[in-house]
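Okay, so here's the structure we're looking at.
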Amino acid sequence: MSWRRHLAKLGALFRRSKPVDDLAEEIRAHLEMEEQENLESGMPSDEAHYAALRRFGNVTFAEERSREMWGWNSLETLSQDVRYGLRTLGRNPGFTAVTILTLALGIGANTAAFSLINAVLLRPLPLPSGERVTSIQVIPTLAGESGGQASPAQYLAWRDNNRKFDLLAAVASSRAQISGIDEPEEVRVLRVSPQLQELVGVHPYLGRDFSVDDFKNGSMPVCLISTRFWQRRFSEDRGVVGRILYVDSTPTAIIGVLPGNLVFPDTESDLWIALRFAPEHQTQRSLDVYGRLRPGVSAGDAQAWLNDATARAESEMPEWLRTRRVTVTPIRAQMISDERRLLLLLSGIAFCVLLICCANMSNLLLARHLNREREMALRASVGATAARLVRQLLTEAMLLCAAGTTAGFITGRLLVSLSYGFLSDSRFKALIATGDDVVDARVAAFAIFLSLLTTVLFGLAPSLRFTRMDLNEALKASPRRRSLSRGESITSRHLIAMELAIAFVLLTGAGLLVQSFGGLLWMDRGYTVDHLLTARLPIPTAATLAGRKQFFHQLMEELEAIPDVRAVGVVTGLPLGGLNATMTLQRPGQLLDPENLPWASINCVNADYFKALGIRVLRGRGFDSRDSENGMPVAVINETLARQFWPDRDPLGQELMPGVRIIGIVPDIRQEALDTRQGPGFYLPFDQRDGLAAAPNFVVIRTKSDPKAFAPALRRVIRSLDQGQPITDIRTMEDVLGRSVVQRRLLASLMAVLAALAVALSVVGIYGVLSYLVSSRAREIGIRMCLGARRREILILLAKQLSVSVVAGLLAGLAVSLVATEALSRWLFAIRPDDPMTIIAAATVTAAAALLGSVVPAVRAVRVDPLTAVHME
Amino acid sequence: MPKQQSGDRIELVYGSLDMLILRTLRWGPTHGHGIAKSIERMSDETLRVEHGSLYPALQRLQQEGWIIAEWGVSQNRHRAKYYRLTAAGRRQLVAETSRWERFVRAITGILQPAESEEGQ
Chain A
4 MSWRRHLAKL
14 GALFRRSKPV
24 DDLAEEIRAH
34 LEMEEQENLE
44 SGMPSDEAHY
54 AALRRFGNVT
64 FAEERSREMW
74 GWNSLETLSQ
84 DVRYGLRTLG
94 RNPGFTAVTI
104 LTLALGIGAN
114 TAAFSLINAV
124 LLRPLPLPSG
134 ERVTSIQVIP
144 TLAGESGGQA
154 SPAQYLAWRD
164 NNRKFDLLAA
174 VASSRAQISG
184 IDEPEEVRVL
194 RVSPQLQELV
204 GVHPYLGRDF
214 SVDDFKNGSM
224 PVCLISTRFW
234 QRRFSEDRGV
244 VGRILYVDST
254 PTAIIGVLPG
264 NLVFPDTESD
274 LWIALRFAPE
284 HQTQRSLDVY
294 GRLRPGVSAG
304 DAQAWLNDAT
314 ARAESEMPEW
324 LRTRRVTVTP
334 IRAQMISDER
344 RLLLLLSGIA
354 FCVLLICCAN
364 MSNLLLARHL
374 NREREMALRA
384 SVGATAARLV
394 RQLLTEAMLL
404 CAAGTTAGFI
414 TGRLLVSLSY
424 GFLSDSRFKA
434 LIATGDDVVD
444 ARVAAFAIFL
454 SLLTTVLFGL
464 APSLRFTRMD
474 LNEALKASPR
484 RRSLSRGESI
494 TSRHLIAMEL
504 AIAFVLLTGA
514 GLLVQSFGGL
524 LWMDRGYTVD
534 HLLTARLPIP
544 TAATLAGRKQ
554 FFHQLMEELE
564 AIPDVRAVGV
574 VTGLPLGGLN
584 ATMTLQRPGQ
594 LLDPENLPWA
604 SINCVNADYF
614 KALGIRVLRG
624 RGFDSRDSEN
634 GMPVAVINET
644 LARQFWPDRD
654 PLGQELMPGV
664 RIIGIVPDIR
674 QEALDTRQGP
684 GFYLPFDQRD
694 GLAAAPNFVV
704 IRTKSDPKAF
714 APALRRVIRS
724 LDQGQPITDI
734 RTMEDVLGRS
744 VVQRRLLASL
754 MAVLAALAVA
764 LSVVGIYGVL
774 SYLVSSRARE
784 IGIRMCLGAR
794 RREILILLAK
804 QLSVSVVAGL
814 LAGLAVSLVA
824 TEALSRWLFA
834 IRPDDPMTII
844 AAATVTAAAA
854 LLGSVVPAVR
864 AVRVDPLTAV
874 HME
Chain B
207 MPKQQSGDRI
217 ELVYGSLDML
227 ILRTLRWGPT
237 HGHGIAKSIE
247 RMSDETLRVE
257 HGSLYPALQR
267 LQQEGWIIAE
277 WGVSQNRHRA
287 KYYRLTAAGR
297 RQLVAETSRW
307 ERFVRAITGI
317 LQPAESEEGQ
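See the structure below:
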């Protein structure tokens with residue numbers, strides 16, 4: 004093609020009236036002239052007309068070819084195809100809606116899953132050279148001692164001999180009480196080494212960085228505060244720099260405000276304080292250590308070096324005090340270990356939904372294309388080329404694809420923000436929240452790719468058949484008489500089987516997760532959660548033991564005086580409250596075995612604690628007024644402790660510790676988490692204990708009416724007793740319980756929704772295929788009926804068609820379920836992954852779905868009127 | 207018009223239609239129907255042109271800039287589009303014609319012996 008023609012076409016594209024606009028008129032004039040000439044040569048008038056047409060040939064074809072001459076990149080035809088496609092889709096709103104909905108669900112689910120994966124696993128971490136940042140964990144030899152943290156001595160030794168890391172930073176995390184501003188508060192505090200700021204790459208939003216002097220003992224302690232804290236406590240006052248906070252009574256100067264959206268080292272801390280090492284704490288394991296590897300050094304190298312260095316430094320120590328090993332883990336893996344599995348599971352489920360969507364798309368488009376065969380044949384016979392027809396169908400598929408992508412994208416965003424709401428506060432959530440948008444260009448590209456894959460693959464495949472269509476046959480055949488070819492019908496059946504299998508698997512998974520979740524909520528926890536209001540009352544820094552005891556006695560007295568308060572309990576560690584103290588017990592007549600220390604959880608409570616929480620006393624008695632400060636020292640133990648320590652004797656009356664008699668046995672309760680059994684545990688009256696460690700941290704009120712209504716009264720009473728008492732987390736016990744199962748709830752509800760979707764889509768799929776089968780075989784059914792077949796036999800005929808797919812689907816689903824649900828075992832509670840009842844239920848629902856999808860087509864089949872069907876053209 | 211026997215007419219060789227149109231327009235501007243008729247007339251009705259196939263060719267020639275079109279009124283007072291040869295079209299016609307002649311000479315050269323054999 005010469006440049007001149009390109010130019011002409013380009014001109015034509017922008018010119019208002021294109022040279023082709025009057026083509027129809029030109030051709031009409033041509034035909035009239037020819038007709039007239041024919042008339043003049045003596046032809047009869049109608050003959051003259053037809054002769055002119057014959058002489059001209061195919062008018063549409065000539066017109067179309069002439070237009071194509073001007074079409075640049077077929078833009079002309081494209082807009083024509085698009086307009087035609089829109090009209091056709093508009094004429095079948097049902098088909099269009101179902102298709103777009105299908106795409107929206109499939110693409111939406113996958114976009115959402117991919118958004119999360121992208122945010123958490125693929126996007127660069129918000130740390131300089133984040134891929135080289137590692138977490139260094141120290142695993143002690145002694146079992147029971149919390150693993151992971153390093154002692155200052157270890158950290159300093161590594162830092163001073165370091166050859167493998169660019170930076171080695173240490174962080175000590177704790178809670179601290181802040182006073183010096185109107186309302187005292189307990190917040191999370193990070194004490195950070197000088198390297199941390201560089202490792203994280205943050206500078207204060209306001210104020211200055213830490214300086215070298217800030218880390219020296221003897222200078223004024225300084226801190227950076229979080230944006231959140233700045234907003235909450237200082238209303239974004241820019242004059243905050245230089246003010247003094249009392250952190251656990253230590254005056255500390257604010258030197259700046261940290262930027263918001265910090266993901267690392269954690270998301271909750273409100274204060275960063277310059278870390279100083281006190282000589283007396285050199286061996287306490289209290290530091291989280293992070294290192295940025297030197298370029299070219301692998302985590303394995305660094306780990307080997309750290310282990311060597313540690314072993315050399317500890318060679319003098321007794322063996323049981325030594326470090327078992329040191330591990331170096333890339334920070335990303337350390338930050339998201341649990342969530343990675345969850346994400347993979349979610350994307351697996353999303354992929355299943357996509358498969359179902361593809362199957363449905365394919366079924367829908369196949370049925371539709373078969374119905375349009377005549378239209379296509381007609382267009383082909385008036386001069387449309389095969390390529391043109393395929394292009395037309397492709398255009399329609401692309402229109403669906405565009406609509407589906409848009410809908411899917413919106414659904415995906417919606418799903419992300421929904422699940423975001425479900426997520427508990429964590430680094431995982433913060434990672435998702437950082438950056439501009441979860442749904443970035445990569446996610447968009449992914450959604451479009453998926454969409455193209457589904458529509459083009461499943462839209463194009465059926466349309467290819469038109470290129471080798473027998474026009475004659477296609478035109479003669481009415482769409483109703485056209486039945487599925489062997490290949491098509493087999494494909495449809497495979498698709499049905501696949502849909503049912505996936506629905507089965509998802510149903511099994513959903514069944515297991517929902518039962519686990521329900522099991523957690525409804526199981527016997529050992530205590531009740533309704534009508535309970537709880538609050539955490541951290542021990543003020545300046546507190547004394549006597550003051551503490553007095554405070555709680557007054558508190559209990561005043562709270563009990565409030566009408567409708569049934570019981571008031573106080574305790575060191577509330578169930579699911581996140582505080583669990585343990586202590587070593589010596590078994591009677593046994594020496595301590597350092598390898599296997601008998602740990603038991605300890606809780607110091609008041610007399611009414613069991614009553615407030617509804618914990619039954621199984622044997623003996625609970626605490627009462629006899630067990631006061633001056634009474635005989637007593638203890639209540641749980642069943643596990645009783646069984647472990649006194650397997651062959653009655654524990655009642657025995658000594659738990661020297662001088663402390665056991666007076667009662669209570670059941671094991673769900674103390675740490677709903678899904679973990681309580682180990683050995685015991686309760687002591689807080690009055691009888693010395694030391695602040697035994698002082699209660701929580702108060703819990705059993706009320707007659709809605710517990711939330713008691714929150715203001717609770718706050719008022721506490722304030723009236725002690726202005727300096729920090730109050731955190733006033734919550735109902737139901738809320739506490741709910742928070743502890745957030746992840747499970749999210750997973751169970753997601754799975755349930757997706758399984759329901761899968762079932763719904765399968766019903767639609769079966770309905771579609773079977774409807775088509777019935778309408779295409781209406782004539783055959785009619786003939787059979789004429790020959791005496793009864794309705795029952797017609798139904799059997801249909802059932803035979805369907806049952807193979809259903810049985811195949813169920814078997815495949817069963818096989819996959821048995822393997823795939825293993826992946827769920829981590830989230831299951833009190834149920835086996837191959838729970839037979841769940842599998843039977845899933846199979847029943849799947850079969851019911853198949854039945855449901857086939858009801859309408861079956862009714863249509865038996866209502867076929869033999870006479871009409873046989874005569875039907 | 208009596209129905210033509212299909213054997214009497216020869217289908218156009220691909221590409222030769224452009225040349226024939228240009229050649230026709232050398233006698234002056236005319237419309238599509240006129241071009242079709244004159245091609246048939248000039249070839250003593252031997253060449254069979256499906257009138258419809260003329261129009262894509264006319265669009266192509268316009269794009270190349272060899273002809274231009276404008277609306278006019280025919281002798282029978284039909285509104286019709288008249289095509290006119292441009293200077294570029296004239297040059298193209300000369301070039302095409304000489305190319306065609308060479309082509310025909312070559313083909314004839316090859317076919318000559320066969321004909322003489324047939325004559326013997």
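Going line by line, the protein sequences match chains A and B.
Letter 523 of the first sequence, counting from 1, is numbered 526 in my numbering, and no numbers are missing.
Letter 10 of the second sequence, counting from 1, is numbered 216 in my numbering, and no numbers are missing.
Glycine residues also receive a C-beta, built at the ideal position from the N, C-alpha and C atoms.
Put simply, the stretch 764-772 of chain A touches the stretch 498-512 of chain A. At least three CB pairs are less than 8 Å apart. If you check the CB distance, Ile258 of chain A and Arg191 of chain A do not come in under 8 Å. For Pro262 of chain B, a Cβ of chain A is located within less than 8 Å of the residue's own Cβ. Classified as exposed, Tyr53 of chain A has fewer than 16 neighbouring CB atoms from the shown chains inside 10 Å of its CB. Nearest CB-CB separation between Ala293 of chain B and chain A: not below the 8 Å threshold. In the structure shown, the three-state DSSP call for His257 of chain B is helix.
Bridge pairing for Arg191 of chain A: A:Arg178 [DSSP]. Comparing alpha-carbon positions, the option among A:Thr105, A:Asp341, A:Glu134 and A:Asp732 lying closest to Gly581 of chain A turns out to be A:Asp732. Using a CB distance cut-off of 8 Å, Ala286 of chain B counts as an interface residue toward chain A.
Burial check for Val703 of chain A: the Cβ neighbour count within 10 Å reaches 16 or more, so the residue is buried. For His33 of chain A, the closest Cβ of chain B is nearer than 8 Å. The alpha-carbon of Phe507 of chain A is positioned some 31 Å away from that of Asn95 of chain A. For Ser244 of chain B, no CB of chain A lies under 8 Å from its own CB, so it is not counted at the interface with that chain. Residue state for Lys287 of chain B is assigned as strand, using DSSP reduced to three classes. Contact annotation: in the stretch 849-872 of chain A, no residue has its CB less than 8 Å from a CB in chain B.
Per DSSP, Gly271 of chain B is not a residue of any beta strand (DSSP E), being assigned neither H nor E. If you ignore the 5 residues before and after Arg325 of chain A, its C-beta comes within less than 6 Å of the C-beta of Thr144 and Glu317, all in its own chain and listed in chain order. Contact between Leu278 of chain A and Phe232 of chain A does not hold, since their C-beta atoms are separated by about 19 Å, which reaches or exceeds 8 Å. If you compare the alpha carbons of A:Pro836, A:Ser857, A:Gly812 and A:Leu817 with that of His497 of chain A, the shortest gap goes to A:Gly812.
With a cutoff of 8 Å on beta-carbon distance, Arg295 of chain A and Phe168 of chain A are scored as near each other. Contact of Gln298 of chain B with chain A by beta-carbon distance below 9 Å is absent, the smallest such distance being about 11 Å.
In the DSSP annotation of this structure, the continuous segment of the alpha helix (DSSP H) that includes Ile241 of chain B starts and ends at Gly238 to Met248. Nearest C-alpha to Ser628 of chain A among A:Asp567, A:His556, A:Phe685 and A:Arg241: A:His556. The three-state reading of DSSP puts Leu227 of chain A in strand, counting E and B together. Of the other Cβ atoms in all chains shown, fewer than 16 fall within 10 Å of the Cβ of Cys789 of chain A; this residue is therefore exposed. The beta carbon of Arg371 of chain A sits closer than 8 Å to the beta carbons of Asn95 and Phe98 from its chain, once the five residues preceding and following it are set aside; these are given in chain order. Around the beta carbon of Gln281 of chain B, fewer than 16 other beta carbons sit within 10 angstroms, so the residue counts as exposed. With its beta carbon at least 8 Å from every one in chain A, Gln318 of chain B lies outside the interface.
Shown here, Met660 of chain A sits in a strand according to DSSP, grouped into three states.
Counting C-beta atoms within 10 angstroms of its own C-beta, Pro578 of chain A has 16 or more neighbours from the protein chains shown and is therefore classed as buried. A check of alpha carbon separations from Ala172 of chain A across A:Leu81, A:Pro268, A:Ile247 and A:Thr102 identifies A:Pro268 as the nearest. Residue A:Gly411 holds the alpha-carbon nearest to the alpha-carbon of Ala448 of chain A among A:Leu417, A:Ile435 and A:Gly411. Leu26 of chain A has a beta carbon lying within less than 8 Å of a beta carbon in chain B. Of the candidates A:Glu563, A:Lys552, A:Glu271 and A:Leu130, A:Lys552 places its Cα closest to the Cα of Glu632 of chain A. Among the bridge pairs identified by DSSP, Cys607 of chain A is matched with A:Leu687.
Runs of the alpha helix (DSSP H) spanning 4 or more residues and lying entirely within the stretch 311-346 of chain A occur at 334-338, in chain order.
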